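Student:
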Amino acid sequence: MILTSPFHERTSALNETGLWSHWSGHLAADRYQMSDKFEYFAVRNSAGIFDSSPLYKYRIHGPDAERFLAGVLARDVRACPPGHAQYTVWCDDRGFVVEDGVVLRHGPDEFLLTAAEPNLAYFADLIGREDVRIEEVSHDYGVIAVQGPRSRDLLARLIPAVATIPYFGLASGSIAGSPVTVSRTGYSGDLGYEVWVERADALRVWDALWDSVAGHGVLPFGLAALYMLRIEAGLLLLDVDFSSSRFAWTDEDRSTPIELGLGWMFRDLASDDRAFIGRRAIERELAGGTSRWRMTGLVLDWQDYDRIYSAAGLIPPKDHTPVQEELFVYDDDIRQVGYATSFMYSPMLQRHIAMARVRPDLARLGSSVRLEVDVNHRYEYVTATTARLPLYNPARKTA
Amino acid sequence: MPKTKTTPKSSTSRPRTEAPAAPRGADRTYDAIVVGGGHNGLVNGAYLARAGLRTLIIERRPLVGGAAITEELYPGFSFTTFSYALSLLRPDIIHELELTKHGFMPLLMSSTFAPMEDGDYLWLGQDHDENLKEIARHSQHDADAYEQYSHDMEQVCQAIKPLLDAPPPDLFSDDPEELLALASLGSRFRRLDKRVLHNVVRLLTGSAADFLDDYFDSEILKGYLASSSIIGTKVGPRSQGSGLVLLYHSIGEHDAEFGAWAFHKGGNGGFTQVLARAARSFGAEIVLESPVAAVITKGGRAIGVALEDGTEYRATTVVSALDPRRTFLELVNPRELPADLVETIRRFRFQGTSAKVNFALDGLPKYPALGDRGDQYRGFTNIGPSMDYLERAFDEAKYGWYSSRPYLDCAIQSTIDPDMAPPGKHVWSSFVQYAPYELRDSDWDTERQNLGDTVQRTIESFFPGFGDLVLHREVVTPLDIERTVGLSEGNIFAGEFLAPQMYFFRPAPGWSQYRTPIDGYYQCGSGTHPGGCVMGAPGKLAAQRILKDLGRA
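Written out as structure tokens, the structure reads:
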């Protein structure tokens, strides 16, 4: 039986398309109205509201919670003080990424970890002698993401502390008398927040929040708009941009954090004495330069793109709909040098963009590669340039 | 990056305020001066600066943008006083001038709403199947025909589009390069599919009504589509020549979608501010509140400009972004020009026929058949429910009066960009046609508010209760367009879209390539090819001509 989010009563009334995806066993709106691009622009131009409740959520607490997480998460959770959040990954002992998620640190011994897939058994099995408990709380909370330039001002009217939360900071407060946590996190690459509310209070909080944003051009947005936002923002998606090492059949299907462009997580590795899972492999990879790939942004040459389609007698398509499939990346001699995993026409950049992995030597900014596109049922190769992720990165995101 | 700026000036430190600033060149000498800071002047100046020319853009008003401006005419409400949407902007300009770096943000207008006199409506959106269903509600036949029409129009647009991105060949030149261009133009059309070519000719020469009647039965659909055939031009949908206007308005290719329109963040004023930032980033300087009185010439060549206050700026290249009448008959002395050119420009048709009425509203108007809904307003609201309605509106204009039931192209832009109005409040822009520049036995200063009343009454008849929402009303007559923006006779395209005033002949035979008979004096406004709308192509193509003449391209 498919589950519904704590906000379903409201989101289903707003969804005019009848289009839903299954996300972690829940119904999740693809788009609320006929135009996902209009929803996307609500986020970039005002604010959008997204129901992220289906994420898996784990409460990890106890006197040794920090020590435990410092040993199982690749990024040093000790650098995340109470009242803050951290984007993190966990790896296997060969240094391949299992998954990524966000950890919210509510107190010295109190953490909440989100994940895209079930990880309860995985983490529980890793508990050794530490005094730590891990509980599945996925269904205990509703999460409303409020993303976009107006999000801060709108939320601060309900919870004044929101006005001063730093990037990846937390605040507590109440909405309509119900306690909530607000984290300055999200999946849009924009200024944005997520509001965490206990399931029983979910509808009350949704209503108060929804009513408070009337007249501000705020729209609910679905997965289609979310994917547009996250590609512009260079944010990885499990099973699209990488696979979990636990379930991959071959190493070809596994990625290290460095290959995924997350090497910055290990900047302080020399002064960090943690024995976390995958550490030795990551150290070897860093020292030996053995990464097979490097994640990069690609920006397609618009003239080349238009030329190829026009020569084929076609109107060059400029479709914002994300293509979350593999497209191969080549060098000028049409030898494969990588592959793109997410591709779209970016309305903000007015260019076709991609998230791709290429050979490390080609990841140097401004390298020229070719991306395959199928034109009239055969492949053509469009010139593209490597560029730093995120490709769209407004100052307000972290300001 | 094809940036060949040679001047050592820092571009990023330029102030970005609109405060009038003295130009930095103390000696007031530049490589190029652009007269007029409308969108084409800005595009032109940006391209010239990008090529390394020390460029000055001179604007008469306290803000750049020309007719593409956004003004707070009522506290808290931003109005696109004149031009109100973006469609025909050439994509290469976005890329070459790096506009996304400077805040280019074309917000999707996701629907078109066309109310009907019987209370029904046609509401088209982004979902193809929903649109066909909506059309089928009015005519099952037309739902299918609409697919064919869209495909045929796209083919015509694709065939015509390259003409927008290159100057017209000079019909009157023996230069081999021009003959070659002419031959390649001919062969382009010869290569077209017969049916496409025939459609091109039907549209370029015939009436929109004839073209649309071949596809459709439904009056509301025909009224909606034919509306694009009269914009800015003194023709009715049944006049020969309206097909050309229809085609022109279909050829915008926002995000590769022909005929799609966008609302720039902050309105078209937001867009021209982006252009100004881009121009400055390439090193162009912009001076405001500096009306130019004349182009200074010496021995048949331009050497600078003189402002009305007597200030002079020197440059060996002077570009007029003004319309042809001002470019040839006002900025320079017509006696310096060939008589045939002067004669052609004197009879160049302006006869502006459009007005704007902008409202600040206390809330969203209601459409009775849709109850409390408001999402029908996320795009244009087209009040032109039938071909007859449009043609009748034109009838009155033929005899020198404004329409008693005008065609209105409306947009509640605050539904797309909430920054345009305070929360819960809205701005309503209505483009009005027909409102002929020359009124029979009256004048626009007398008729201004009567036009406003006529427009408001028309809106009220479709949206009962509209008047109760009005907090403020701004009526912009053709005379106001002329006075404020400087467009002769208030013609929004800087000269009508009539076949004898297009392509080879825009603005005059032999002068369609941005040069003028005065050496070093060029034209880059919408009165040159390809023409009006916020397209930018004239500004860009003129810059290419200039740079080529200077040996820099």
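Just so you know, the sequences run in chain order R and F.
Going by the working numbering, 194 is the number at position 194 of the first sequence; the sequence numbering is gapless.
Going by the working numbering, 1134 is the number at position 134 of the second sequence; the sequence numbering is gapless.
From the three backbone atoms N, C-alpha and C, an ideal C-beta is built for every residue, glycine too.
Quick caveat: nothing in here was measured; it's all calculated off a predicted structure.
Mind checking whether the beta-carbon of R/LEU209 lies closer than 7 Å to any heavy atom of the ligand MG?
Tutor: No copy of the ligand MG occurs in the structure displayed, which carries no ligand at all.
Student: Can you pull the chain R residues whose beta carbon is under 8 Å from the beta carbon of F/GLY1424, in chain order?
Tutor: As a first step, residue 1424 of chain F is located in the second sequence; it is residue number 424 there, counting from the start. Residues of chain R passing the Cβ test: ALA214, GLY215.
Student: Buried or exposed: where does F/GLY1041 fall if 16 or more other Cβ atoms within 10 Å of its Cβ makes it buried?
Tutor: Counting from 1 along the second sequence, the entry for residue 1041 of chain F is found at position 41. Classification for F/GLY1041: buried.
Student: Quick one: grab the DSSP three-state call for F/ALA1021.
Tutor: Position 21 of the second sequence holds residue 1021 of chain F. Residue confidence is low: F/ALA1021 scores 49 on pLDDT, short of 50, so the model does not pin down where it sits. Its coordinate-derived value is still stated next. Here F/ALA1021 sits in coil by DSSP.
Student: Between R/ARG370 and R/TYR330, how many whole angstroms is the CB-CB distance? I'm expecting something under 8 Å.
Tutor: As a first step, residue 370 of chain R is located in the first sequence; it is residue number 370 there, counting from the start. As a first step, residue 330 of chain R is located in the first sequence; it is residue number 330 there, counting from the start. With a Cβ gap of about 4 Å, R/ARG370 and R/TYR330 count as contacting.
Student: When burial is assigned at 16 or more other CB atoms within 10 Å of the CB, is F/THR1446 buried or exposed?
Tutor: Working through the second sequence from its first residue, we reach residue 1446 of chain F at position 446. So F/THR1446 counts as exposed.
Student: Using three-state DSSP, classify R/PHE247 as helix, strand or coil.
Tutor: Position 247 of the first sequence holds residue 247 of chain R. Of the three classes helix, strand and coil, the one that applies to R/PHE247 here is coil, per DSSP.
Student: For F/ASN1044, which residues does DSSP report across the bridge?
Tutor: Mapped onto the second sequence, residue 1044 of chain F falls at position 44. None; F/ASN1044 has no bridge partner.
Student: Short of 7 Å Cβ to Cβ, which residues in the segment 293–315 of chain R face chain F?
Tutor: Per Cβ criterion, the list reads TRP302, ILE315.
Student: Indicate whether at least one CB of chain R lies closer than 8 Å to the CB of F/PHE1504.
Tutor: Counting from 1 along the second sequence, the entry for residue 1504 of chain F is found at position 504. Not one chain R Cβ lies under 8 Å of F/PHE1504.
Student: Would you please verify whether the beta carbon of F/ALA1411 is less than 8 Å from any beta carbon of chain R?
Tutor: Taking the second sequence and counting its residues from 1, the one referred to as residue 1411 of chain F is at position 411. Chain R, which has no Cβ nearer than 8 Å to the Cβ of F/ALA1411, makes this no.
Student: Using a C-beta to C-beta distance shorter than 9 Å, which residues of chain R count as neighbours of F/GLN1140?
Tutor: Against the second sequence, residue 1140 of chain F aligns to sequence position 140. Ordered by position in chain R, no residue passes the 9 Å Cβ test against F/GLN1140, which lies about 21 Å from the chain.
Student: Taking 8 Å as the CB-CB limit, is R/LEU349 close to chain F?
Tutor: Walking along the first sequence from the start, residue 349 of chain R turns up at place 349. Cβ-Cβ to chain F under 8 Å: yes for R/LEU349.
Student: Threshold first: 3 residues or longer. Then list the beta strand (DSSP E) segments lying entirely within the segment 1389–1429 of chain F, N to C.
Tutor: 1407–1412, all fully within the segment 1389–1429 of chain F.
Student: Does R/MET34 get closer than 8 Å to chain F when you measure Cβ to Cβ?
Tutor: Sequence index remark: in the first sequence, residue 34 of chain R carries index 34 (1-based). By this cut-off, R/MET34 is an interface position.
Student: Might you give, ordered along the chain, the residues of its own chain that have their beta carbon closer than 8 Å to the beta carbon of R/ALA85, omitting 5 neighbours on each side?
Tutor: Position 85 of the first sequence, counted from the start, is the residue given in the question as residue 85 of chain R. VAL102, VAL103, LEU104, ARG105, PHE168, GLY169, LEU170, SER183, ARG184, THR185.
Student: List, in order along the chain, the chain R residues whose C-beta lies closer than 9 Å to that of F/SER1110?
Tutor: As a working mapping, residue 1110 of chain F is identified with position 110 in the second sequence. Within 9 Å Cβ-Cβ: GLN33, MET34, SER35, LYS37, PHE38, PHE41.
Student: In three-state DSSP terms, what is F/ASN1450?
Tutor: Looking up residue 1450 of chain F in the second sequence gives position 450. Correct three-state label for F/ASN1450: helix.
Student: Where F/VAL1200 and F/ASP1152 are concerned, what is the direct C-alpha to C-alpha distance, given to the nearest angstrom?
Tutor: Within the second sequence, numbered from 1, the residue matching residue 1200 of chain F stands at position 200. Within the second sequence, numbered from 1, the residue matching residue 1152 of chain F stands at position 152. F/VAL1200 and F/ASP1152: Cα-Cα distance of roughly 10 Å.
Student: How do the segment 1250–1264 of chain F and the segment 1508–1519 of chain F stand: do at least 3 beta-carbon pairs fall below 8 Å, yes or no?
Tutor: The segment 1250–1264 of chain F, when compared against the segment 1508–1519 of chain F, does not touch it at the 8 Å Cβ threshold.
Student: To the nearest angstrom, report how far apart F/ALA1021 and F/VAL1287 are at their CA atoms.
Tutor: As a position in the second sequence, residue 1021 of chain F is number 21, starting the count at 1. As a position in the second sequence, residue 1287 of chain F is number 287, starting the count at 1. A caution first: F/ALA1021 carries a pLDDT of 49, below 50, which makes its placement in the model unreliable, though a value can still be read off. Distance between the alpha carbons of F/ALA1021 and F/VAL1287 is about 6 Å.
Student: Please check if any C-beta of chain R sits within less than 8 Å of the C-beta of F/ALA1256.
Tutor: Translated into positions along the second sequence, residue 1256 of chain F becomes position 256. Closer than 8 Å: yes.
Student: Taking all protein chains shown into account, do 16 or more other C-beta atoms lie within 10 angstroms of the C-beta of R/ALA224, making it buried, or fewer, making it exposed?
Tutor: Sequence index remark: in the first sequence, residue 224 of chain R carries index 224 (1-based). So R/ALA224 ends up on the buried side.
Student: Considering only DSSP beta bridges, list what F/GLU1219 is partnered with.
Tutor: Reading the second sequence from its first residue, position 219 is the one you call residue 1219 of chain F. Bridge partners of F/GLU1219: none, in fact.
Student: Does the beta-carbon distance from R/PHE328 to R/PHE50 come in below 8 Å?
Tutor: By 1-based counting over the first sequence, the position of residue 328 of chain R is 328. By 1-based counting over the first sequence, the position of residue 50 of chain R is 50. No, these two residues do not count as a Cβ contact at 8 Å.
Student: Quick one: what's got a C-beta closer than 8 Å to F/ALA1226's C-beta in the same chain, skipping five residues either side?
Tutor: In the second sequence, the residue the question calls residue 1226 of chain F occupies position 226. Once the five neighbours on either side are set aside, the close Cβ partners of F/ALA1226 are ALA1208, ALA1209, LEU1212, PRO1237, SER1242, LEU1246, GLY1384, MET1387, LEU1390.
Student: Spatial neighbours of F/PRO1334 within its chain, please: CB distance less than 6 Å, with the 5 preceding and 5 following residues excluded, ordered by chain position.
Tutor: The residue given as residue 1334 of chain F occupies position 334 in the second sequence. Cβ neighbours of F/PRO1334 beyond the five flanking positions: VAL1342.
Student: From R/LEU113 to F/ALA1159, what does the alpha carbon distance come to, in whole angstroms?
Tutor: By 1-based counting over the first sequence, the position of residue 113 of chain R is 113. By 1-based counting over the second sequence, the position of residue 1159 of chain F is 159. Approximately 56 Å between the Cα atoms of the pair.
Student: With 16 as the cutoff for other CB atoms within 10 Å, does R/LEU314 come out buried or exposed?
Tutor: Stepping through the first sequence from its first residue, residue 314 of chain R is reached at position 314. Label assigned to R/LEU314: exposed.
Student: Between the Cα of F/THR1415 and the Cα atoms of F/VAL1432, F/THR1311, F/GLY1266, F/PRO1162, which residue gives the shortest distance?
Tutor: Counting from one through the second sequence, the residue named residue 1415 of chain F turns up at place 415. Per the Cα distances, F/GLY1266.
Student: With a threshold of 16 other CB atoms inside 10 Å of the CB of R/ILE400, please say whether the residue is buried or exposed.
Tutor: A question about residue 400 of chain R goes unanswered here, because the residues of chain R that appear run from 1 up to 399.
Student: Give the secondary structure of R/HIS377 by DSSP, where H, G and I count as helix, E and B as strand, and everything else as coil.
Tutor: Here residue 377 of chain R refers to the residue found at position 377 when the first sequence is read from its first residue. Coil at R/HIS377, not helix or strand.
Student: Leaving out five residues before and five after R/ARG59 in sequence, what residues of the same chain have Cβ atoms less than 6 Å from its Cβ?
Tutor: Residue numbering aside, residue 59 of chain R sits at position 59 when the first sequence is read from its first letter. For R/ARG59, where only same-chain residues beyond five positions count, the Cβ hits under 6 Å are LEU112, GLU135, VAL137.
Student: Would you say F/PRO1075 lies against chain R (beta-carbon separation less than 8 Å)?
Tutor: Reading the second sequence from its first residue, position 75 is the one you call residue 1075 of chain F. No, because no Cβ of chain R sits closer than 8 Å to the Cβ of F/PRO1075.
Student: Please check if any C-beta of chain R sits within less than 8 Å of the C-beta of F/HIS1095.
Tutor: Numbered from its first residue, the second sequence carries residue 1095 of chain F at position 95. So, interface residue.
Student: Quick one: is R/TYR227 near chain F, going by C-beta distance under 8 Å?
Tutor: Residue numbering aside, residue 227 of chain R sits at position 227 when the first sequence is read from its first letter. No, no contact with chain F.
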